[in-house]
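Per numbering that gives the first Met the number 0: the sequence shown = residues 0 to 342. Beta carbons are placed, not taken as given, at the ideal position from N, Cα and C, and that holds for glycine. Note that this is a predicted model, so its numbers are computed, not measured.
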Amino acid sequence: MQKQDKKSDFNEDARQKIKENKKGWEKVQIPSRWVDGNFPFNFSTYIDKNIGIIFFITGLIVPFFSGLVLRLAFSLDGGFSDGLGLINLAISIVSNGIGFFIIWDKRRSLMFKTTLFMYYAYVVLPIVLSLLLSPIGFLGIPDYWTSSILLLIQAIVLLTLIYWVFSRVDELKSRVYKTLKQNFKMLLLVAAIGAASIFILSLIYGTISSALGFSQNNSENQESLVRPLTQGNLGSQILYIISLFVFTVIVAPLMEEIVFRDGVFTGASNRWIGWIMSAVLFAYIHISATGDFEHLLEYLIAGIVLATAFNICRGNVTYTWFIHATSNLISFIMILVSVYAIN
Numbered sequence: 000m001q002k003q004d005k006k007s008d009f010n011e012d013a014r015q016k017i018k019e020n021k022k023g024w025e026k027v028q029i030p031s032r033w034v035d036g037n038f039p040f041n042f043s044t045y046i047d048k049n050i051g052i053i054f055f056i057t058g059l060i061v062p063f064f065s066g067l068v069l070r071l072a073f074s075l076d077g078g079f080s081d082g083l084g085l086i087n088l089a090i091s092i093v094s095n096g097i098g099f100f101i102i103w104d105k106r107r108s109l110m111f112k113t114t115l116f117m118y119y120a121y122v123v124l125p126i127v128l129s130l131l132l133s134p135i136g137f138l139g140i141p142d143y144w145t146s147s148i149l150l151l152i153q154a155i156v157l158l159t160l161i162y163w164v165f166s167r168v169d170e171l172k173s174r175v176y177k178t179l180k181q182n183f184k185m186l187l188l189v190a191a192i193g194a195a196s197i198f199i200l201s202l203i204y205g206t207i208s209s210a211l212g213f214s215q216n217n218s219e220n221q222e223s224l225v226r227p228l229t230q231g232n233l234g235s236q237i238l239y240i241i242s243l244f245v246f247t248v249i250v251a252p253l254m255e256e257i258v259f260r261d262g263v264f265t266g267a268s269n270r271w272i273g274w275i276m277s278a279v280l281f282a283y284i285h286i287s288a289t290g291d292f293e294h295l296l297e298y299l300i301a302g303i304v305l306a307t308a309f310n311i312c313r314g315n316v317t318y319t320w321f322i323h324a325t326s327n328l329i330s331f332i333m334i335l336v337s338v339y340a341i342n
């Protein structure tokens, strides 16, 4: 009995020491599961701190502030013209390209073994998609059908990239698969809390903005998704609803979480830098093509919640994927209600 008491005291002391040694984000992490011990996310993939700084400057600082300067200098009264949008995209690609080659040159073996490569692939994705999709505009297909076709093609491209990254990064694949298999209840709980947080914070932001007299118009990104629901016939609208669901609820959340959570935190190799970069980049990417910075905070709310959840959930992208998908599902339902039920 005395030996058992001593063992119990020893275990309690050990747990207390572990608790005391925890720093920063480690203090608020969810309890460790089997998957966290066997397939942990490495928050310090690149030990060299200079790599994280280079990634931060070339991936966020230069693209973000160049976009802001372009908006203030040449398009103060509205969003980007097509020309400004292309210039902003070119600056982003050049800046990220410089970062890619510097980081790749320092640790060549790591770049294609982690999700950091997916981040860089995502940067050039708009150009690839425009080359793939531009011929569709010359086929004479009505816009209300074209919107569905474009979404489905984008979904196929993203699914191809997702399949590729899962085949290359075994730890990511195992982490997601084991979490889905073993921790599904926890996954649903975290998804519910995370999505509810995004919804409530967005509601508070909207209420405050309205009270202060700021415009409540949708962002151009949001408008482009809603517009096809009001055009065409019933058949084209049904196809678009299906395409929109597949893209925004199933495919895009997983891709964006691999890129902006797993990939960005890998490149930053620092939990605080990763948190800032992940949240702001996620928001900026949704307005970078149009330049409507007045809507940045709307997306930043989701970015902050998702980046925080990634840290709290020990770098397990499965949790943020489910939060993101659930949040998008809520938005999807609200869009349908606003278009069909209210009108």
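Let me know the secondary structure DSSP gives residue i once reduced to three states.
{"i": "P30", "result": "coil"}
{"i": "L211", "result": "coil"}
{"i": "S74", "result": "coil"}
{"i": "H285", "result": "coil"}
{"i": "I90", "result": "helix"}
{"i": "D8", "result": "In this prediction, D8 scores a pLDDT of 48, lower than 50, which makes its location untrustworthy; the coordinate-derived value is nonetheless stated afterwards. If DSSP states are grouped into helix, strand and coil, D8 belongs with the helices."}
{"i": "Y45", "result": "coil"}
{"i": "R270", "result": "helix"}
{"i": "T113", "result": "coil"}
{"i": "V258", "result": "helix"}
{"i": "G51", "result": "helix"}
{"i": "D81", "result": "helix"}
{"i": "N37", "result": "helix"}
{"i": "I140", "result": "coil"}
{"i": "R106", "result": "coil"}
{"i": "G96", "result": "helix"}
{"i": "N310", "result": "helix"}
Taking the alpha carbon of residue i as the reference point, which residue from the options has its own alpha carbon closest?
{"i": "C312", "options": "P39, K21, K48", "result": "P39"}
{"i": "L124", "options": "E255, M333, I46, H323", "result": "E255"}
{"i": "D47", "options": "A89, L109, Q28", "result": "L109"}
{"i": "V225", "options": "S330, S91, P30", "result": "S330"}
{"i": "T113", "options": "D169, G58, I135, V304", "result": "D169"}
{"i": "T317", "options": "T57, N327, S94, L179", "result": "L179"}
{"i": "V93", "options": "P62, L171, L128, V304", "result": "P62"}
{"i": "Y176", "options": "I53, F99, A195, D35", "result": "D35"}
{"i": "L343", "options": "N41, K21, N37, I322", "result": "Residue 343 lies beyond the range of the chain shown here (0 to 342); nothing can be said about it."}
{"i": "S218", "options": "S129, I197, G78", "result": "G78"}
{"i": "I237", "options": "I148, L128, R260, A72", "result": "I148"}
{"i": "S196", "options": "N327, N315, R106, Y283", "result": "N327"}
{"i": "I53", "options": "L200, S223, I199, G98", "result": "G98"}
Within the same chain, show all residues whose beta-carbon is closer than 6 Å to that of residue i, passing over the 5 residues directly before and after it, in chain order.
{"i": "A154", "result": "V245, F246, V250"}
{"i": "L115", "result": "G262, T265, G266"}
{"i": "S268", "result": "S43, T44, Y45, G51"}
{"i": "W24", "result": "R270, N310"}
{"i": "I90", "result": "S65"}
{"i": "R32", "result": "N182"}
{"i": "A340", "result": "none"}
Only counting the same chain, and skipping five residues up and downstream in sequence, which positions put a Cβ closer than 7 Å to that of residue i?
{"i": "N220", "result": "H285, I286, T289"}
{"i": "Y118", "result": "V258, G262, V263, G266"}
{"i": "L59", "result": "M276, V279, L280"}
{"i": "F292", "result": "L67, R70, I286"}
{"i": "Y121", "result": "V258"}
{"i": "N49", "result": "none"}
Our contact map puts residue i next to residue j with C-beta atoms below 8 Å; I'd like the distance itself, whole angstroms only.
{"i": "W163", "j": "P252", "result": "Their Cβ separation, rounded to whole angstroms, is 18 Å, which puts W163 and P252 out of contact at 8 Å."}
Tell me which same chain residues have a C-beta within less than 8 Å of the C-beta of residue i, skipping the five on either side of it?
{"i": "Y204", "result": "L296, E297, I300"}
{"i": "S150", "result": "A small correction: the amino acid at residue 150 is Leu; Ser does not occupy that position in the sequence shown. Correct list, in chain order: Y239, S242, L243, V245, F246."}
{"i": "K172", "result": "F165, S166"}
{"i": "A324", "result": "A190, V248, I249, P252, L253"}
Length-filtered (4 minimum) alpha helix (DSSP H) runs lying within the stretch 198-248
219-225, 233-244
Kindly provide the ranges of any beta strand (DSSP E) runs that are 3 or more residues long and lie completely inside the stretch 170-196, ordered along the chain.
none
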